Amino acid sequence: MRLTESIVIHCPRDRVFAYTQDHGQRLAWDTFLREAVLLDGATEAGPGVKAWCLSKHGLGMETQYVSFSPPEVTAGRNHGHCPPRPPTS
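Using my numbering, read the sequence shown as starting at 42 and increasing by one per residue.
Written as structure tokens, this is what we have:
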């Protein structure tokens, strides 16, 4: 079974892309999370940048951007472990 959903957003796609990839704004729209930070001193998303997200249920995940081509594509991979807190830089 495949489910799909779509919405129309009346805003330029480059602005929407930038907003969704700004971890400083992530908690304003991602109701699943209680924490979202970039790691290792990164200040913006991009290839090789690591991020830490913690759900409201206490489940955490470290990911790394593997592709980043605004305003069209972003992709990441899970590092395969879920430490209780982000690693210190």
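Yeah, the Cβ is synthetic: ideal placement off N, Cα and C, and Gly gets one too. The structure presented is a predicted model; accordingly, all values stated were derived computationally and were not measured.
*May I have the straight-line CA-CA distance separating V114 from T72, to the nearest angstrom?*
22 angstroms
*Quick one, are the C-beta atoms of A92 and G117 less than 9 angstroms apart?*
yes
*The beta strand (DSSP E) spanning L79 covers which residue range?*
74-79
*Would you call Q62 buried or exposed, if buried means 16 or more other Cβ atoms sit within 10 Å of its Cβ?*
buried
_Suppose you measure from the CA of G81 to the CA of P88; what does that come to, to the nearest Å?_
Per the sequence shown, the amino acid found at residue 81 is Asp instead of Gly. Whole-angstrom Cα-Cα distance: 13 angstroms.
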